[in-house]
Structure formats: structure tokens, C-alpha cells
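K.L.:
In the working numbering, the protein residues as written are 116 to 242. So that we are looking at the same thing, I have put the structure below in C-alpha cells.
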Amino acid sequence: MGELIHTCYRVLDLDRSIEFYEKLGMEEIGRLPIGDEAINVFMGLPDDGPRLELTYNVGRTDPYEVGTGYGHIAITVGDMDAALGRLADVGIEPERPPYTVSENGPRLCFVRDPDDYRVELIETADI
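Dropping the structure here:
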């Protein structure tokens, strides 16, 4: 086997989605037009590679259904309070305040992107 290299989201407004993920600390790493039909934009955290593929299907206006099987992607943050402060300054609020799922476990919370995909933020001292 190889390695898992990225996940893909289909988005309705490419610029709006890129802006959201840039606010989470990602950067655009590459762009690949698929004829006149679609554009794939690859996003990633600094020094981590293209981990998220945003696919825009040209002319699509109907919202995508996220579905009941989809969960989320997760991004680590070194200081949850500081990260949430920076995100609040650019209009991104968590679904609910940070919490833990186990005693002495890391704090976490979720935000939603413009297409309603969930992104988990997990506090870790490793950053």
C-alpha cells in the first residue's frame, strides 16, 4: 500500500471556500482545471502538502448533500483559545465551546465551512 494523500470536497463557490480554509491556516498549493467542466484546487497546511482537494464543478448551483455518512476533517491547533480568537476576528465561530471527550483528553471543537462541511480543531501541545 501507499499513503493517504488527500480528501476531496465538492464546493459551490471556490473563492469563498479557499478564503475559509486560508483562515484556518491552509494555503493554496496547486490548481488543476479539468477541461471546461471543473477546477480542482489543492489546499494544505504549511510544509504538509496538498491534503484537501476542493472541486468546483463549473455551472453547478444546486447545493451538495453532505450526507449522513460523512464526518469531518481534523486540524491540530497549539492553543485553542488563541485559535478561536483569531477565527472569531474573521467571522468563524465554533458550533459550541471547546470540550473534551475523555478525562485529561485534548480540548476540541468544530467549525463549519461555507458548504457545511465540519472541521474539527484539536488542541495539542505538540505544535
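Note that CB positions come from ideal geometry on N, CA and C, so glycine has one too.
#1: Evaluate the contact criterion for the region 197–214 versus the region 142–162: three or more CB pairs, one atom per stretch, below 8 Å.
#2: Could you tell me whether the region 135–147 touches the region 175–182, using the rule of 3 or more Cβ pairs below 8 Å?
#3: Considering only the beta carbon of each residue, do M158 and I149 sit closer than 8 Å?
#4: Kindly indicate the opening and closing residues of the beta strand (DSSP E) around R222.
#5: Rounded to whole angstroms, how far is the Cβ of E238 from the Cβ of R222, which I believe are closer than 8 Å?
#6: Looking at I188: is its Cβ nearer than 8 Å to the Cβ of L202?
#7: In this structure, what does DSSP give as the bridge partners for R125?
P.N.:
Reading it off the structure:
#1: With a cut-off of 8 Å, the region 142–162 and the region 197–214 do not count as touching, because too few Cβ pairs lie within range.
#2: In this structure the region 135–147 does not touch the region 175–182; the number of beta carbon pairs closer than 8 Å is below three.
#3: Taking 8 Å as the Cβ cut-off, M158 and I149 do not qualify as a contacting pair.
#4: Counting along the chain, R222 sits inside no beta strand (DSSP E), nor does DSSP assign it H or E at all.
#5: That belief holds up - the Cβ atoms of E238 and R222 are roughly 4 Å apart, short of 8 Å.
#6: Not closer than 8 Å, so no.
#7: In the DSSP assignment, R125 forms a beta bridge with T170.
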